[in-house]
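Written below as structure tokens is the structure these notes are about.
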Amino acid sequence: TFVQKKGNVTALTLVNDTHQAIDTCVEYGVKTLQGEIVGSKKVNLSVAENGIEQVTVCGDIAMPNTYLYAECVVNGEKISNVYSYDMWHTCNFTSDYAYSVKETECGLAVTIKANAFVKAVTLRLPDNYKYSYSDNYFDMQAGEEKTVYICGKGAKADELEVTDFAKEIVYA
216 TFVQKKGNVT ALTLVNDTHQ AIDTCVEYGV KTLQGEIVGS KKVNLSVAEN GIEQVTVCGD
276 IAMPNTYLYA ECVVNGEKIS NVYSYDMWHT CNFTSDYAYS VKETECGLAV TIKANAFVKA
336 VTLRLPDNYK YSYSDNYFDM QAGEEKTVYI CGKGAKADEL EVTDFAKEIV YA
């Protein structure tokens, strides 16, 4: 994750809440909303069990339409995160993604593919509380694809609403 510290300093923080030490190479940097890497670095980090390691990333990064990203592989699983302390004011978000919905035994499988950075993708059904979502509020980077599973009796593809920050916000 990223942590905003005093004096416009941002730290990349790797938190290990397991009972085994983690050794990984973390790539981090700045990307545009279209997924172009503006700059990046790699750092090898070792984190003790139940430990934390921090790397100071930068000071003021409020370049329009950019954000910080970080990714690494831990135990064969890719982990990534995005961050911008001023994203709400410096980014012109779009709803540039496609999705498909399949009905399953459990409920619905929704696959979303982002063509550009998408802020706060949200999935909703009528009587939302009746369903269990594998995820229902998340950011996606350009080129990223994600499948969300919605479990619960009566989930119907034609009643699903997929929305995001750009669709929900009203600019004055």
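Just so you know, our numbering puts the end of the sequence shown at 387, numbered straight through with nothing missing.
Every residue gets a Cβ at the ideal spot worked out from N, C-alpha and C, and that includes glycine.
All values derive from a computational prediction rather than experimental measurement.
List the endpoints of the continuous alpha helix (DSSP H) containing Phe380.
Segment 380–383, the alpha helix (DSSP H) holding Phe380.
Given this structure, state the Cα-to-Cα distance separating Cys321 from Asp373, to the nearest angstrom.
Rounded to the nearest whole angstrom, the C-alpha separation of Cys321 and Asp373 is 16 Å.
In angstroms, rounded to a whole number, what distance separates the CA positions of Asn280 and Val297?
Using only the alpha carbons, I get a separation of about 13 Å.
With a threshold of 8 Å between beta carbons, is Ala226 in contact with chain C?
Protein chains in the displayed structure number just one, and chain C is not present.
Val376, DSSP secondary structure in three states:
Before going further, note that residue 376 is Glu rather than Val in the sequence given. Here Glu376 carries a strand assignment [DSSP, helix/strand/coil].
Say the cut is 7 Å; is the CB of Trp303 nearer than that to a heavy atom of the ligand NAD?
Only the bare structure without any ligand can be found here, which leaves the ligand NAD out of the picture.
Whole-angstrom Cβ separation of Ser310 and Asp379, contact assumed at under 8 Å?
Their Cβ separation, rounded to whole angstroms, is 5 Å, which keeps Ser310 and Asp379 in contact under 8 Å.
Selection from Ala357, Leu375, Val272 that minimises the alpha carbon distance to Thr216:
Of Ala357, Leu375, Val272, the residue nearest in Cα terms is Val272.
Locate the beta strand (DSSP E) running through Met302, then write down its first and last residues.
Note, Met302: premise wrong, no beta strand (DSSP E); alpha helix (DSSP H) at 302–305.
Does the structure place the region 253–267 close enough to the region 226–242 that three or more beta carbon pairs sit under 8 Å?
Segments in contact, yes.
At the level of alpha carbons, what is the spacing between Val218 and Glu268?
Their Cα atoms are separated by approximately 12 Å.
Per-residue burial, Ala285 [other beta carbons within 10 Å of its own, 16 or more giving buried]
Classification of Ala285: buried, given that the 10 Å Cβ count is 16 or more.
Among Leu283, Glu292, Thr319, Thr233, which one has its Cα closest to the Cα of Cys366?
Nearest Cα to Cys366 within the set Leu283, Glu292, Thr319, Thr233: Thr319.
State the DSSP-derived secondary structure class of Gly222, mapped to helix, strand or coil.
Residue state, collapsed to three classes: helix.
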